[in-house]
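Colleague: Please see the structure below; I have some questions.
Protein chains in written order, with my numbering: chain W, 1453 to 1675; chain F, 1453 to 1675.
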């Protein structure tokens, strides 16, 4: 039987790497979409390529630099927040918010899915981003499903899956370990330096999760 | 008083040129977004630039080639339908349909609008495209408004306007004439040759409208 195709939004982080492998486990043949949108941590793109290759998933890199100012993730004039407490992180939408990012990525995934006749789209959004990013919430994905139904030829025959939505980073890593995701090839740090900065919000969640699991971050053990 | 900014999706055709000038008339300061998405009729991009300049609207050209196959508007392997009757045109979704195009354009416009603190987005979609393109229907725009509300920082403070939605090409040209839109600088033909082919669906609607109005297409009278 021919496998059903799906499109996976692959950033190069732990969440999307997990979702890529989860899609395979669920019987899909994943096609990865990787975005080069002028993000500060372009290093994640190399990780995404490696992750796609290891999962034997064909991938496309879409180069579409977002021309907007203001977000500290793409506008180098603004610094990335450092050493924030959980309370500070949860206090509102962070400066790393990129306007309409997930909507644009999902829309591109949808166009690509239609063109390759894929049956599903997978995205690695999850609950720890809830309080911060509006486009990581359940309500957003529900609204997107409605827009997909009305605005495409395929209607609602393409399903949108966000299987990590109710998990935190610790749970996601557990799932990743069960799926043998090569976590040493994932990248999370917003700054995109030689090594993770350890101080940005993204490093905070990653470090805390590995600490809670009592294990060393495999990134530091890569060969 | 400082004028409210808006983002206008500008293709270079009659509809978006009209909407650009309509937004100005409604008191907005329009910022145009022009997409270079690997369309066969890239010629429209030059028209869009001219239209923006004549309307004194700043513009950005977003280069994002859609990597999908199948649509005759971007995939050169497929021919553009020729000399179709109105009945044939209205019979279904044409091969020139580009998966998720308006959704992607609106999402980009939304991200840009948030970043420049614009209050509105204008799009020139209209009723003659109804039967053909699912992403030109009222239901689609309503669904998009909901997704915008859930997925952005600004929530529903950015309004989406499709003021031509219930007009046909003839009515749109009438509006354009009232607004002194430089119609000689607009481009409609899907094929993007030296002159309009006169045979594609887009030429069909344009030709018919000018004929109904008893006037010559100003394109042929440009200096």
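We put the CB at the ideal spot given by N, CA and C, even for glycine.
Just so it is clear, the structure is predicted and the values come from calculations on it, not from any experiment.
Check the Cβ of residue 1512 (chain F) against every Cβ in chain W and list those closer than 7 Å, keeping chain order.
Modeller: Simply 1519.
Colleague: Where do the ends of the beta strand (DSSP E) carrying residue 1488 (chain W) lie?
Modeller: Per DSSP, residue 1488 (chain W) belongs to the beta strand (DSSP E) from 1480-1488.
Colleague: How would you list, in chain order, the residues of chain W whose beta-carbon sits under 8 Å from the beta-carbon of residue 1556 (chain F)?
Modeller: Those within 8 Å of residue 1556 (chain F) in chain W are 1556, 1559, 1560 and 1563.
Colleague: So, helix, strand or coil for residue 1610 (chain W), using DSSP?
Modeller: Correct three-state label for residue 1610 (chain W): coil.
Colleague: What do you get for residue 1485 (chain F), buried or exposed, if any count of 16 or more other CB atoms within 10 angstroms of its CB means buried?
Modeller: That one is buried.
Colleague: Determine whether the beta carbon atoms of residue 1555 (chain W) and residue 1527 (chain W) lie at a separation below 8 Å.
Modeller: The answer is no: Cβ separation not under 8 Å.
Colleague: Tell me the DSSP secondary structure of residue 1460 (chain F) in three-state form.
Modeller: Residue 1460 (chain F): strand per DSSP, three-state reduction.
Colleague: Would residue 1510 (chain W) be called buried (16 or more neighbouring beta carbons within 10 Å of its own) or exposed?
Modeller: It is exposed - the Cβ of residue 1510 (chain W) has fewer than 16 other Cβ atoms within 10 Å.
Colleague: State the CB to CB distance for the pair residue 1601 (chain F) and residue 1608 (chain F), rounded to an integer number of angstroms; the pair is presumed to be in contact (CB under 8 Å).
Modeller: Residue 1601 (chain F) to residue 1608 (chain F), Cβ: 4 Å. Contact.
Colleague: Specify the secondary structure class of residue 1659 (chain F) as computed by DSSP and reduced to three states.
Modeller: Residue 1659 (chain F) falls in the helix class under three-state DSSP.
Colleague: What residue range does the alpha helix (DSSP H) around residue 1561 (chain F) cover?
Modeller: Start and end: 1553-1568.
Colleague: At a Cβ threshold of 8 Å, is residue 1533 (chain F) touching chain W?
Modeller: Judged by the 8 Å Cβ criterion, residue 1533 (chain F) is not in contact with chain W.
Colleague: When you check each C-beta in the region 1593-1625 of chain W against every C-beta of chain F, which residues fall closer than 7 Å?
Modeller: The region 1593-1625 of chain W vs chain F, Cβ under 7 Å: 1595, 1596, 1598, 1599, 1602, 1603, 1604 and 1605.
Colleague: Does residue 1505 (chain W) pass the burial test, meaning 16 or more other C-beta atoms within 10 Å, or should it be called exposed?
Modeller: Exposed, since its Cβ has fewer than 16 Cβ neighbours within 10 Å.
Colleague: Give me whichever residues DSSP pairs with residue 1497 (chain W) in a beta bridge.
Modeller: Residue 1497 (chain W) pairs with nothing; no bridge assigned.
Colleague: First and last residue of the beta strand (DSSP E) that includes residue 1572 (chain W)?
Modeller: That run of the beta strand (DSSP E) goes 1572-1574.
Colleague: Within 8 Å of any Cβ in chain W, is that where the Cβ of residue 1586 (chain F) sits?
Modeller: By this cut-off, residue 1586 (chain F) is an interface position.
Colleague: I need the boundaries of the beta strand (DSSP E) containing residue 1512 (chain W), first residue and last residue.
Modeller: Run containing residue 1512 (chain W): 1511-1515, per the beta strand (DSSP E) assignment.
Colleague: Give me the Cα-Cα distance between residue 1539 (chain F) and residue 1663 (chain F), rounded to the nearest whole angstrom.
Modeller: Near 19 Å, if we compare the C-alpha coordinates of residue 1663 (chain F) and residue 1539 (chain F).
Colleague: For residue 1603 (chain W) and residue 1459 (chain W), I'd like the C-alpha separation in whole angstroms.
Modeller: The straight-line gap from Cα to Cα measures roughly 18 Å.
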